RNA sequence: UGGGGAUUAGUGUAACGGUAGCACGACUGACUCUGGAUCAGUUAGCCCAGGUUCGAAUCCUGGAUCCCCAGCCA
């Protein structure tokens with residue numbers, strides 16, 4: 020762009036666009052493109068268009084249009100004519116340019132650069148030649164201009180059935196670039212278009228349409244992915260063909276030249292432990308292996324949003340990965356780092372116990388309760404403080420107690436003293452077990468002098484633990500997510516993965532987060548477990564040996580109930596918190612409306628606020644040094 | 001064996017004839033009322049071979065490897 024500005028190629032103007040085909044939901048790869056295009060326009064003081072590339076009525080749906088618009092807005096891109104009250108305001112449509120395209124097609128016919136071809140699809144394929152051998156001219160290549168004009172007009176009128184005729188560019192059937200071997204410009208498709216209805220029964224192909232969409236909008240830099248590099252000569256050829264005979268001032272038979280944008284390619288984004296193609300994401304959705312396009316495990320924009328990722332984090336991620344023409348796979352750890360980095364600054368802290376274990380403070384008065392001050396966000400003083408209820412019986416994390424502590428374990432074990440965050444020092448006196456030897460209750464005594472969490476005598480404890488008061492805590496559902504696939508590259512179906520599949524087990528590699536999920540009685544579901552490691556009777560036969568065999572059977576674990584401090588009771592969906600020592604969590608839309616919102620809906624009488632169903636998604640874990648130590652020890 | 005691209009630490013990305021840098025990851029350590037955060041440090045790289053040059057990741061020649069293209073998809 021600097022070069023173009025220097026040479027004045029576009030008069031110092033910069034205009035970019037994001038041109039999705041509405042046939043699927045946007046994913047993080049699209050986010051990269053959106054940020055690139057929008058960012059460039061913003062940096063160079065230009066403008067950015069959101070345009071639906073809707074040239075194929077058979078594949079496109081309204082649902083996708085709405086989700087795309089929603090996602091692009093959420094990501095922070097702004098386009099001319101955008102309005103808050105009307106999502107579609109200012110959105111552009113490739114299908115709105117069909118009239119222009121048709122006229123230009125007629126012009127090409129008149130210039131002898133296009134012809135109507137009667138070859139069937141398979142015949143055309145056969146005569147296209149191969150990578151190393153030239154194709155053969157279509158027998159219809161030399162039709163007269165008059166005949167072509169007549170036939171094309173009749174194609175438009177609907178006189179011919181689908182697939183019987185095409186309009187082709189007359190270029191070179193022997194060209195080394197197969198895209199230039201008389202590519203199809205229009206095909207016959209008697210289908211109702213979501214935007215143009217039944218006006219057309221011929222629809223333009225991508226190559227024919229795309230350059231003109233860019234040209235009409237005055238796009239300067241048409242940025243696309245690497246696989247379109249082979250198409251750039253055709254992109255240029257079509258615009259040059261229209262411009263042939265045209266002049267800058269519009270004199271002459273063909274009129275004024277049209278704008279010629281510059282196509283530029285960059286590498287699409289790949290991420291470890293996930294798949295990114297729309298085809299594969301659709302397959303996951305359709306087969307029910309995820310709950311939908313916005314399943315929090317999906318790399319879709321809506322999935323990440325539902326999971327609790329922020330658009331700021333995604334933008335920062337896009338900034339850090341850079342842009343190049345090298346095909347690469349970015350470590351998902353970088354994305355997660357960006358999410359933690361942002362959430363650490365903005366997410367209020369809260370205490371929540373995922374695997375509850377009862378802790379009884381034997382010397383705390385029965386029936387007594389008090390409220391303790393807790394800091395909402397140590398990274399943000401303006402976030403203030405809140406009160407957290409405390410009483411004799413608490414829940415602590417199951418993993419925060421060991422009857423016999425392993426080396427370097429600083430938490431609760433008989434005889435050890437720890438701090439309950441913002442509350443008191445407590446010293447473990449023992450535990451009680453059930454008939455099977457499972458610890459069911461831990462007992463301790465507290466030191467009333469340490470109220471608030473500091474010992475007046477200056478003594479230190481090695482550990483600070485989170486807790487909730489059993490009588491006050493909110494029972495909630497928590498969904499823990501892990502990577503969708505067990506391998507960095509889902510396409511890696513090497514021997515051991517297959518062997519594991521054959522044995523009906525997940526591949527041997529530990530979960531990507533580096534911490535195998537601990538089975539507990541509370542564990543409710545195994546997510547999509549049926550899909551990955553347990554093929555039917557035929558087991559690891561050839562058909563099962565694809566990327567889906569690497570699906571992580573433990574990508575979703577549901578915990579119910581987990582207990583969270585009462586301050587989150589009324590949180591709206593998408594509200595994000597840090598559950599201290601666990602990670603970042605986000606209220607899922609599956610939660611019932613908060614009491615405050617229920618009033619708006621009289622049909623839902625809800626007398627007890629505490630009965631609201633609350634569902635949290637784990638966005639990302641905190642870094643867990645102890646998990647590493649423990650893992651090394653084993 | 002046709003055409004088009006690409007190749008810098010484990011990963012991603014800078015340096016555009018002049019000391020190969022940054023981020024993530026991994027590993028140490030310090031600090032801490034989150035085993036969080038933060039801070040400090042360590043680790044590790046120019047695809048190969050020639051050539052030009054005082055000097056090459058960068059320019060030239062040859063080679064290797066990887067990706068894309070034979071839809072009436074985009």
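Numbering (this note's numbering), first residue to last: 20 to 653.
Glycine included, each C-beta is placed from N, C-alpha and C at the ideal position.
Please read these numbers as outputs of a predicted model, since none were measured by experiment.
Original post:
Using the beta-carbon count (16 or more within 10 Å), is residue 562 buried or exposed?
Top reply: Looking up residue 562 in the first chain gives position 543. Since pLDDT at residue 562 reaches only 42, below the 50 mark, its modelled position is unreliable, and the value read off the structure follows with that caveat. Label assigned to residue 562: exposed.
Subject >> Spatial distance of residue 199 from residue 254 (CA atoms) >> reply: The residue labelled residue 199 in the question sits at position 180 within the first chain. The residue labelled residue 254 in the question sits at position 235 within the first chain. In this model, residue 199 and residue 254 are separated by some 10 Å (Cα to Cα).
Original post:
In terms of residue numbering, what span does the beta strand (DSSP E) encompassing residue 602 cover?
Top reply: As a position in the first chain, residue 602 is number 583, starting the count at 1. Its beta strand (DSSP E) spans residues 602-606.
Original post:
In its own chain, which residues sit with a C-beta less than 7 Å from the C-beta of residue 211, not counting the 5 before and 5 after it?
Top reply: For the purposes of this step, residue 211 is taken as the residue at position 192 of the first chain. Excluding residues within five positions, the ones whose Cβ falls inside 7 Å are 76 and 217.
Subject >> Neighbourhood of residue 259 by C-beta distance below 8 Å, restricted to the same chain and skipping five residues each side >> reply: What you label residue 259 is simply residue 240 of the first chain in a count that begins at 1. The answer, listed in chain order, is 279.
**OP:** Rounded to whole angstroms, what's the CA-CA distance from residue 490 to residue 392? Just pull it up for me.
**Re:** Taking the first residue of the first chain as position 1, residue 490 is located at position 471. Taking the first residue of the first chain as position 1, residue 392 is located at position 373. Put simply, the backbone Cα of residue 490 is about 18 Å away from that of residue 392.
Subject >> contact_flag[the region 584-595, the region 306-322] where n(CB pairs < 8 Å) is 3 or more >> reply: At 8 Å Cβ cutoff, the stretches do not touch.
**OP:** Report yes if the C-beta distance between residue 496 and residue 633 is below 8 Å; otherwise report no.
**Re:** Reading the first chain from its first residue, position 477 is the one you call residue 496. Reading the first chain from its first residue, position 614 is the one you call residue 633. In terms of Cβ geometry, residue 496 and residue 633 form a close pair [threshold 8 Å].
Subject >> residue 6 to residue 298 span [Cα, whole Å] >> reply: A question about residue 6 goes unanswered here, because the residues of the chain that appear run from 20 up to 653.
Subject >> Meets three-Cβ-pair contact criterion under 8 Å: the region 345-356 and the region 371-380 >> reply: Segments in contact, no.
Original post:
Identify the residues that DSSP records as bridge partners of residue 446: which are they?
Top reply: Here residue 446 refers to the residue found at position 427 when the first chain is read from its first residue. In the DSSP assignment, residue 446 is bridged to 436 and 464.
Original post:
Does the pairing of the region 260-267 with the region 237-244 give three or more beta-carbon distances under 8 Å?
Top reply: The answer is no - the region 237-244 does not touch the region 260-267, with fewer than three Cβ pairs under 8 Å.
Subject >> Per DSSP, the bridge partner or partners of residue 216 >> reply: Walking along the first chain from the start, residue 216 turns up at place 197. BP columns for residue 216 point to 212.
Original post:
Buried or exposed: residue 459, going by 16 or more other Cβ atoms within 10 Å of its Cβ?
Top reply: Here residue 459 refers to the residue found at position 440 of the first chain. With a 10 Å radius around the Cβ and a threshold of 16 neighbouring Cβ atoms, residue 459 comes out exposed.
Subject >> Under the three-state DSSP convention, the category residue 305 falls into >> reply: Numbered from 1 along the first chain, position 286 holds the residue referred to as residue 305. Helix.
**OP:** Could you tell me which residues DSSP pairs with residue 370 in its beta bridges?
**Re:** For the purposes of this step, residue 370 is taken as the residue at position 351 of the first chain. Looking at the DSSP assignment, residue 370 forms no beta bridge with any residue, so it has no partner.
Original post:
Are residue 141 and residue 183 close, meaning C-beta to C-beta below 8 Å?
Top reply: Taking the first residue of the first chain as position 1, residue 141 is located at position 122. Taking the first residue of the first chain as position 1, residue 183 is located at position 164. Against a cut-off of 8 Å, the Cβ pair of residue 183 and residue 141 comes out as no contact.
**OP:** Can you say whether residue 581 is buried or exposed, counting buried as having 16 or more other CB atoms within 10 angstroms of its CB?
**Re:** The count along the first chain starts at 1 and reaches residue 581 at position 562. It counts as buried.
Original post:
Looking only at C-alpha atoms, which of 302, 151, 116 and 154 sits nearest to residue 215?
Top reply: As a working note, residue 215 is residue 196 in the first chain. Measuring from the Cα of residue 215, the nearest candidate turns out to be 116.
Subject >> Contact under 8 Å by Cβ, residue 383 with residue 441 >> reply: Working through the first chain from its first residue, we reach residue 383 at position 364. Working through the first chain from its first residue, we reach residue 441 at position 422. No.
Subject >> Limits of the unbroken alpha helix (DSSP H) element including residue 339 >> reply: As a first step, residue 339 must be located in the first chain, where it is residue number 320. Taken as a continuous stretch (DSSP letters only), the alpha helix (DSSP H) holding residue 339 covers 330-340.
**OP:** Spatial neighbours of residue 369 within its chain, please: CB distance less than 8 Å, with the 5 preceding and 5 following residues excluded, ordered by chain position.
**Re:** As a working note, residue 369 is residue 350 in the first chain. Exclusion of the five residues before and after residue 369 leaves 583, 584, 586, 587, 596, 597, 598 and 599 as the residues of its chain whose Cβ lies within less than 8 Å of its Cβ.
Original post:
Out of curiosity, what's the CA-to-CA distance linking residue 654 and residue 56?
Top reply: Since the displayed the chain opens at 20 and closes at 653, residue 654 lies outside it and no answer follows.
**OP:** Tell me whether residue 652 is buried or exposed, calling it buried when 16 or more other Cβ atoms sit within 10 Å of its Cβ.
**Re:** Taking the first residue of the first chain as position 1, residue 652 is located at position 633. The residue in question, residue 652, is exposed, as its Cβ has fewer than 16 Cβ neighbours within 10 Å.
**OP:** Specify the secondary structure class of residue 389 as computed by DSSP and reduced to three states.
**Re:** As a position in the first chain, residue 389 is number 370, starting the count at 1. In the structure shown, the three-state DSSP call for residue 389 is strand.
Subject >> Buried or exposed (CB count within 10 angstroms, at least 16 for buried), residue 144 >> reply: Here the question's residue 144 lines up with position 125 in the first chain. Exposed, by the Cβ-count rule.
Subject >> Top-ranked residue by Cα proximity to residue 508, from 457, 566, 152 and 404 >> reply: Position 489 of the first chain, counting from 1, holds the residue named residue 508. Residue 508 has its Cα closest to that of 566, out of 457, 566, 152 and 404.
**OP:** Entirely within the region 242-290 and at least 3 residues each: give me those beta strand (DSSP E) ranges in chain order.
**Re:** Those beta strand (DSSP E) runs which fall completely within the region 242-290 and span 3+ residues are 281-285 and 288-290.
**OP:** Indicate whether the contact test is met: 3 or more Cβ pairs, each with one atom in the region 53-67 and one in the region 263-275, closer than 8 Å.
**Re:** As far as the Cβ criterion goes, the region 53-67 does not touch the region 263-275, which means the pair count is below three.
**OP:** Give me whichever residues DSSP pairs with residue 240 in a beta bridge.
**Re:** In the first chain, the residue the question calls residue 240 occupies position 221. Residue 240 pairs with 281.
Original post:
Could you give the uninterrupted runs of the alpha helix (DSSP H) lying entirely in the region 374-427, keeping only those of 4 residues or more?
Top reply: Correct list: empty.
Original post:
Going by beta carbon distance, what residues of the same chain come within less than 8 Å of residue 604, once the five residues before and after it are set aside?
Top reply: If you number the first chain from 1, residue 604 lands on position 585. Closer than 8 Å at Cβ, skipping near neighbours: 327, 371, 497, 595, 596, 597, 598, 635, 636, 637 and 638.
Original post:
Does the separation of the CB atoms of residue 203 and residue 170 fall below 8 Å?
Top reply: As a working mapping, residue 203 is identified with position 184 in the first chain. As a working mapping, residue 170 is identified with position 151 in the first chain. Cβ distance not < 8 Å, so residue 203 and residue 170 don't count as in contact.
Original post:
Can you tell me whether residue 671 is buried or exposed, with buried defined as 16 or more other CB within 10 angstroms of its CB?
Top reply: What is shown of the chain runs 20 to 653, which leaves residue 671 out entirely.
Original post:
Can you tell me whether residue 555 is buried or exposed, with buried defined as 16 or more other CB within 10 angstroms of its CB?
Top reply: Against the first chain, residue 555 aligns to sequence position 536. Any reading at residue 555 must be qualified, since the residue scores a pLDDT of 33, below 50, and its modelled position is unreliable; the value itself is stated next. Counting C-beta atoms within 10 angstroms of its own C-beta, residue 555 has fewer than 16 neighbours from the protein chains shown and is therefore classed as exposed.
Original post:
Is it true that the CB of residue 437 sits closer than 8 Å to the CB of residue 487?
Top reply: Residue mapping note: residue 487 aligns to position 468 of the first chain, counting from 1. Residue mapping note: residue 437 aligns to position 418 of the first chain, counting from 1. Not in contact: residue 487 and residue 437 (Cβ atoms no closer than 8 Å).
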